[in-house]
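Heads up: the structure comes next, in structure tokens.
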């Protein structure tokens, strides 16, 4: 593992423990050159999971891509990295259970349900992109359902 500060590849694991309800391993590492400490996570890879997009195209699942979208909806909200990690781990387990492909609409709807439990503003932000609100009326309608 390369040090994020000096790019040296001589790093050592200082501490290791289970995380995300046993779905990941959290490791504290220390660089042998500059002494910088950083955290890494080891998770089961869902390499075989394929996403079916709205236009019918298929692409491999990317946790990073989905997490980026979720964080955009959580900007300046009291949401923690731990909450997002747990959310993603639960949903990945659900999507990966005996499935090779999952529709992007299923992913979006599942993320919306989970965000609604965490933060209502983040939920509305995510929903506005996922549902492609065309105008203010659609936005108001979603808000009224929420309230």
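Numbering (the working numbering), first residue to last: 47 to 193. Positions of the beta carbon are idealized from the N, C-alpha and C atoms, including for glycine. Predicted model only: the values in this text are computed from it and were never measured.
Straight across, the Cα-Cα distance linking residue 97 with residue 168 is about 23 Å. Within the segment 120-193, the complete beta strand (DSSP E) runs of at least 3 residues fall at 147-149. Excluding sequence positions up to five before and after residue 50, its CB lies within less than 6 Å of the CB of 84, all in the same chain and listed in chain order. DSSP places residue 61 inside the beta strand (DSSP E), whose first and last residues are 57-65.
Annotated as proximal: residue 164 and residue 133, with beta-carbon spacing under 8 Å. Counted as a single uninterrupted DSSP element, the stretch harbouring residue 52 is not any beta strand (DSSP E), since DSSP gives it neither H nor E. Per the C-alpha coordinates, the member of 121, 124, 130, 104 positioned closest to residue 112 is 130.
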